[in-house]
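Data block below; observations after.
Residue numbers (my numbering): 1 to 150.
Have a look at this one:
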């Protein structure tokens, strides 16, 4: 049994694959060491009001020396997109971390999310400010039942 007091990390250069048995596609998860470039990027983010409000927590997260990234490509099934958010929210919850997406997977204007903020809005179209993200969530939700039942 793993020691719950140990850091949740895995080897650099390796990844975890998450998918749903019987369905195409999936999500790859990476554990990355925090670098000087990562810190420089966050210093730029802190100049934005939405990031400045999370500065203290973000610095605590950076101090751990690592972060996690979950990647899924465009055109994935709705259920895979749902899994993507569940993974991000779960890891953030387990590590008391923040959620950041800089690739338009979620609403940039609301980044970085705390876990509770993210899980309260993720895949809840009426809580989504951006019409494109709202439409995407609605479409994914519509497709999930069909994807799981064939």
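Each residue gets a CB set at the ideal place from its N, CA and C atoms; glycine is no exception.
Best match in the options for proximity to residue i [C-alpha to C-alpha]
i, options, result
"residue 149", "8, 22, 113, 125", "22"
"residue 122", "79, 63, 145, 37", "79"
"residue 12", "107, 69, 76, 26", "69"
"residue 96", "47, 142, 61, 55", "61"
"residue 18", "85, 100, 101, 140", "85"
"residue 29", "53, 39, 7, 87", "87"
"residue 25", "117, 77, 139, 141", "77"
Cross-strand partners of residue i (DSSP beta bridge)
i, result
"residue 69", "30"
"residue 18", "27"
"residue 153", "No answer is possible for residue 153: the residues shown for the chain start at 1 and end at 150."
Beta carbon of residue i nearer than 8 Å to that of residue j
i, j, result
"residue 16", "residue 58", "no"
"residue 46", "residue 112", "no"
"residue 119", "residue 20", "no"
Residue i classed as buried or exposed, judged by whether at least 16 other C-beta atoms fall within 10 angstroms
i, result
"residue 35", "exposed"
N-terminal and C-terminal residue of the alpha helix (DSSP H) that residue i is part of
i, result
"residue 11", "Looking at the DSSP string, residue 11 is not in any alpha helix (DSSP H), and its letter there is neither H nor E."
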